[in-house]
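> One structure coming up, written as structure tokens, with questions to follow.
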Amino acid sequence: MFRPASVLAAALLSVPFSAHALESGPKSPLPMFDLQRLRLDPAALGSLVVGTGRTLEAGQLRVALNYHYEQLPLHFQTRWEPGEGTGLVENKMTAHLTVGFGVLSWLEVGGELPLVLTQGGKPTLEYYGPNSGGIATPWLTARAAVLRQTKGAPINLSVGFTAGLPVGSRAAQAHEEYAWQPRLQLGYVGEGFQVGGEAGIFLRKRQDLGPVSYDPKDIAGNELRLGATVTSLHGELTRGEVSVLTGIPLNGGRVGAELLIAIRRHALSSLDLYVMGGPGVGAGFDTPTFRFVAGVSWATSKVD
């Protein structure tokens, strides 16, 4: 939610500039960063968004196509007020193509290609948000298993690395000069269920959005990203998942979190249909108030 009092105070200090902005409309683009927070797991052996330390079997391939909707993915507020206010981006739709491949029994590689389909919102006094589509930052991933329950270890443990390619569309607010995320993932597979969690450091160029929101706490920068999940396993027809994602700023910003619930339908032994959705929690300017994903995945053999 925009802050009318802060905007008014700033306007009174610069009447000529504000009057000109009102007459000619917003002229300034936003500081450049990729607005998309969600990373889909190409293997999806844990949940759709949180790894559990497992890797695809050697030679196993998984391909997925996803439709993704976000409500208020770019809006400013000083405290969490679900669904309230307007934003520079109020509605956003994205398609994601993900591919995961097991190179060795302990090594997996993958990638994600997001394409912003449409988005739009309301400008501020001086700044306008993205209103076009385009390719977002593509992501390449690698994951290596360190401990495996299938080899007698008490838990599954893996290390992973994700890198973003600097080719995303600037017009779609989907570009990072650099973006890296090393991660540690662990999990435990029980009888008909699994639990897991991951921790990673998301590194990117720091961008100050204080001039946009008139609040110095609105920063896009490095984050400690945490995730946890519990899922069912080995069901004949369905698989349920509950995941929690949290981003903790490391060089300025606000904490944001999401609760995502998913259901997978095993349509065929190699084909899954699924939906996932849930609310965002916190006052982070890039935490959507609601997120929904629907997708279909195909694998050379049943993933779970």
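Mind the numbering: the sequence shown is residues 37 to 340 in the working numbering, read in order.
Idealized CB from N, CA, C, for every residue including glycine.
Being a predicted model, the structure only gives us computed values, none of them experimental.
Please report the straight-line C-alpha distance between G146 and V99, rounded to a whole angstrom.
Going from the Cα of G146 to the Cα of V99 covers about 10 Å.
> Kindly give me the distance between the Cβ atoms of L71 and A210, rounded to whole angstroms, as I take these residues to be in contact under 8 Å.
Contact holds; Cβ gap of about 7 Å.
> What is the DSSP secondary structure of A57, counted as helix, strand or coil?
At A57 the pLDDT is 39, less than 50, meaning the model places this residue with poor confidence and gives no usable figure here.
> Is the separation between the beta-carbon of G204 and that of A180 shorter than 8 Å?
Not a contact, by the Cβ cut-off of 8 Å.
> Could you tell me whether the Cβ atoms of T274 and R300 are closer together than 8 Å?
It is a contact, given that the beta carbons lie within the stated cut-off.
> A199 bridges to which residues according to DSSP?
Beta-bridge pairing links A199 to L176, W216.
> Comparing C-alpha positions only, which one of A199, L176, N127, N192 sits nearest to P166?
Looking at the Cα atoms, N127 is the closest of the given residues.
> Taking buried to mean at least 16 other C-beta atoms within 10 Å of its own C-beta, is N287 buried or exposed?
So N287 counts as exposed.
> Does the beta-carbon of Y310 have 16 or more other beta-carbons within 10 angstroms, so that it is buried, or is it exposed?
So Y310 ends up on the buried side.
> In whole angstroms, what is the alpha-carbon distance linking A303 and L269?
Whole-angstrom Cα-Cα distance: 15 Å.
> Quick check: what's the CA-CA separation for Q230 versus G271?
Taking the straight line joining both Cα atoms gives about 12 Å.
> Three or more C-beta pairs under 8 Å: does that hold for the segment 173-192 against the segment 210-230?
As far as the Cβ criterion goes, the segment 173-192 touches the segment 210-230, which means the pair count is three or higher.
> Helix, strand or coil for V248 per DSSP?
Helix at V248.
> Would you mind giving the Cβ-Cβ distance between G170 and T154, rounded to the nearest angstrom? I have them listed as a contact below 8 Å.
Wrong, their Cβ atoms sit about 11 Å apart, outside the cutoff.
> Within this structure, are the beta carbons of G263 and S194 separated by less than 8 Å?
No, the Cβ-Cβ distance between G263 and S194 is not below 8 Å.
> Based on Cα-Cα distance, which residue from N102, L220, P285 lies nearest to A319?
The candidate whose alpha carbon is nearest that of A319 is P285.
> Would you mind working out which of G95, I255, G283 sits nearest L143, comparing C-alpha positions?
Checking every option, the nearest Cα to that of L143 belongs to G95.
> Measure the C-alpha to C-alpha separation of F197 and L295 and round it to an integer number of angstroms.
Rounded to whole angstroms, F197 to L295 spans 24 Å at the Cα level.
> T323 by DSSP, collapsed to three states: which one?
If DSSP states are grouped into helix, strand and coil, T323 belongs with coil.
> Thinking C-alpha only, which one of N102, Y103, M129 is nearest P109?
Residue M129 is the option with its Cα nearest to P109.
> Are R327 and E106 touching if we call contact CB-CB under 8 Å?
Yes, Cβ-Cβ distance for R327 and E106 is below 8 Å.
> Kindly indicate the opening and closing residues of the beta strand (DSSP E) around D308.
D308 -> beta strand (DSSP E) spans 307-318.
> At what residues does the beta strand (DSSP E) containing R300 begin and finish?
Segment 292-304, the beta strand (DSSP E) holding R300.
> On the criterion of 16 or more Cβ atoms from any shown chain inside 10 Å, does P65 qualify as buried, or is it exposed?
Looking at its Cβ environment, which holds fewer than 16 other Cβ atoms inside 10 Å, P65 is exposed.
> Which word fits Y250, buried or exposed, when buried means at least 16 other C-beta atoms lie within 10 angstroms of its C-beta?
Buried, because 16 or more other Cβ atoms sit within 10 Å of the Cβ of Y250.
> Considering only C-alpha positions, which residue in the set S305, G276, G314, D308 is nearest to A293?
Residue G314 is the option with its Cα nearest to A293.
> Mind checking whether V329 and H104 have CB atoms under 8 Å apart?
Cβ distance < 8 Å, so V329 and H104 count as in contact.
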